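Asker:
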Amino acid sequence: MFEGHDTTASGLSWVLYNLAKHPEYQERCRAEVDDLLEGRDSDENDLSNLPFITMCIKESLRLYPPVPAVTRRLTQEMTVPGKRVIPPGNICLVSIYGTHHNPHIWPDPEVYNPLRFDPENSKGRSPYAFIPFSAGPRNCIGQNFAMAEMRVATALTVRRFRITPRDSKVRRLPELILRAEGGLWLRTAPPTGANN
Ligand code: HEM
1 MFEGHDTTAS GLSWVLYNLA KHPEYQERCR AEVDDLLEGR DSDENDLSNL PFITMCIKES
61 LRLYPPVPAV TRRLTQEMTV PGKRVIPPGN ICLVSIYGTH HNPHIWPDPE VYNPLRFDPE
121 NSKGRSPYAF IPFSAGPRNC IGQNFAMAEM RVATALTVRR FRITPRDSKV RRLPELILRA
181 EGGLWLRTAP PTGANN
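Take the sequence shown: its letter number 130 is residue 130 in full-length UniProt numbering, and every next letter is one higher.
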């Protein structure tokens with residue numbers, strides 16, 4: 001339940017929250033999906049071909065990683081930056097949240113900017129800079145499924161609704177997964193000029 005449901009629920013909630021806060025990106029997502037599905041039923045089409053929505057999801061997973069940290073027990077000695085040596089047997093907490101907010105890797109880390117994930121802007125970035133699904137041999141086995149699920153849900157939601165935030169500020173609540181204090185509340189309205 002935790003690995004497959006709560007994570008995706010958290011991820012999707014934060015994506016919709018970010019799009020609600022950034023109408024310009026929401027509009028671009030809506031245009032992308034409307035364009036793809038024009039005159040056709042959604043189930044006939046391949047909703048994996050939504051590059052801008054994918055960028056919006058990734059940027060949301062960066063800013064609000066559903067799994068904020070993972071732990072690992074060292075099997076061998078490891079030297080970390082600063083020349084500190086961690087002996088084998090120790091359990092280390094790897095902060096996914098901290099990595100995703102590191103200003104040396106992500107300038108203005110608190111700014112929601114999906115264009116960071118434009119392939120042009122991703123060149124040269126370490127594969128370990130963005131690790132919402134962890135990395136290495138025990139990374140998330142459900143990540144492709146999770147991305148597909150979030151893509152479909154985001155695309156069909158923005159196609160049907162214009163979303164706006166209810167609260168101007170939301171406090172992150174890091175538990176086992178990243179929640180929002182009091183929940184994430186959004187307002188919905190029909191999109192102007194929508195055909196469904
Ligand atoms: C946005 C959605 C998701 C996120 C952010 C996420 C994140 C993660 C992370 C960070 C880990 C590593 C945990 C650790 O090492 O302690 C993990 C492992 C795992 N995830 Fe996901 N996950 C997501 C969705 C899913 C889905 C949809 C499934 C199943 C359908 C799934 C199944 C698993 C399983 C079984 C593991 C354990 C893999 C192993 O230990 O070898 N996850 N996930």
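Glycine is no exception: its CB is placed at the ideal position from the N, C-alpha and C atoms.
Keep in mind it's a predicted model, so treat the numbers as computed, not measured.
Cα separation between S18 and C140?
Answerer: Taking the first residue of the sequence shown as 1, we reach residue 18 at position 18. Taking the first residue of the sequence shown as 1, we reach residue 140 at position 140. Note that residue 18 corresponds to Asn in the displayed sequence, not to Ser. Spanning the two alpha carbons is a distance of roughly 24 Å.
Asker: Could you tell me whether the segment 96 to 114 touches the segment 56 to 65, using the rule of 3 or more Cβ pairs below 8 Å?
Answerer: The segment 96 to 114, when compared against the segment 56 to 65, does touch it at the 8 Å Cβ threshold.
Asker: Can you pull the DSSP bridge partners for V80?
Answerer: For this step, residue 80 is matched to residue 80 along the sequence shown. Partner(s): R84.
Asker: Tell me whether A146 counts as near the ligand HEM, meaning its Cβ is closer than 8 Å to at least one heavy atom of that ligand.
Answerer: Locating residue 146 in the sequence shown gives position 146, counting from the first residue. Checking every heavy atom of the ligand HEM against the Cβ of A146, one is found closer than 8 Å.
Asker: So, with DSSP's three-state summary, where would you put R72?
Answerer: Residue mapping note: residue 72 aligns to position 72 of the sequence shown, counting from 1. DSSP places R72 in strand when its eight states are reduced to three.
Asker: Is there contact here, the segment 122 to 141 with the segment 161 to 179, by at least three beta-carbon pairs under 8 Å?
Answerer: Because the criterion of three Cβ pairs below 8 Å is not met, the segment 122 to 141 and the segment 161 to 179 do not touch.
Asker: For G82, which residues from the same chain have a beta carbon less than 7 Å from its beta carbon, with the 5 sequence-adjacent residues on both sides left out?
Answerer: Within the sequence shown, residue 82 is the residue found at index 82, counting from 1. Here the set comprises nothing.
Asker: Check for me: the beta strand (DSSP E) holding P174 runs from which residue to which?
Answerer: To locate residue 174, count along the sequence shown from 1; it is residue 174. Run containing P174: R172 to P174, per the beta strand (DSSP E) assignment.
Asker: Nearest-angstrom Cα distance between P109 and T7?
Answerer: Looking up residue 109 in the sequence shown gives position 109. Looking up residue 7 in the sequence shown gives position 7. If I take the Cα positions, the gap works out to 22 Å.
Asker: What's the gap between the Cα of A20 and the Cα of S10?
Answerer: Residue 20 sits at position 20 when you count from the first residue of the sequence shown. Residue 10 sits at position 10 when you count from the first residue of the sequence shown. For A20 and S10, the distance between alpha carbons rounds to 15 Å.
Asker: DSSP on P191, reduced to helix/strand/coil?
Answerer: Position 191 of the sequence shown, counting from 1, holds the residue named residue 191. Correct three-state label for P191: coil.
Asker: For the alpha helix (DSSP H) containing C29, name the first residue and the last one.
Answerer: Here residue 29 refers to the residue found at position 29 of the sequence shown. That run of the alpha helix (DSSP H) goes P23 to L37.
Asker: Using DSSP's beta-bridge definition, name the partner residues of L184.
Answerer: The sequence position of residue 184 within the sequence shown is 184, counting from 1. DSSP, once it has assigned bridges, lists no residue as partnering L184.
Asker: Give me the residue from R84, A155, T192 and L176 with the minimum Cα distance to E3.
Answerer: On the sequence shown, position 3 is the one that residue 3 refers to. Considering only alpha carbons, the answer is L176.
Asker: With respect to the alpha helix (DSSP H) encompassing R62, which residues constitute its N-terminal and C-terminal limits?
Answerer: Here residue 62 refers to the residue found at position 62 of the sequence shown. Per DSSP, R62 belongs to the alpha helix (DSSP H) from P51 to L63.
Asker: Where does A194 land, buried or exposed, given buried means 16+ other C-beta within 10 angstroms?
Answerer: In the sequence shown, residue 194 corresponds to position 194, counting from 1. Residue placement at A194 cannot be trusted, given a pLDDT of 48 that sits under 50; what the coordinates show is reported in the next sentence. It counts as exposed.
Asker: Within 10 Å of its beta-carbon, does P132 have 16 or more other beta-carbons around it, so buried, or fewer, so exposed?
Answerer: What you label residue 132 is simply residue 132 of the sequence shown in a count that begins at 1. By the neighbour-count rule (16 or more Cβ atoms within 10 Å), P132 is buried.
Asker: Can you check which of these residues, V33, L50, V67 and W14, is closest to A135 by C-alpha distance?
Answerer: In the sequence shown, counting from the first residue as 1, residue 135 sits at position 135. The shortest C-alpha separation from A135 is found at V67.
Asker: Any heavy atom of the ligand HEM closer than 8 Å to the Cβ of S134?
Answerer: Here the question's residue 134 lines up with position 134 in the sequence shown. Yes - the ligand HEM has a heavy atom lying nearer than 8 Å to the Cβ of S134.
Asker: For Y25, which residues from the same chain have a beta carbon less than 7 Å from its beta carbon, with the 5 sequence-adjacent residues on both sides left out?
Answerer: On the sequence shown, residue 25 is found 25 positions in, with the first residue counted as 1. Answer for Y25: L19, C56 and P114, listed in chain order.
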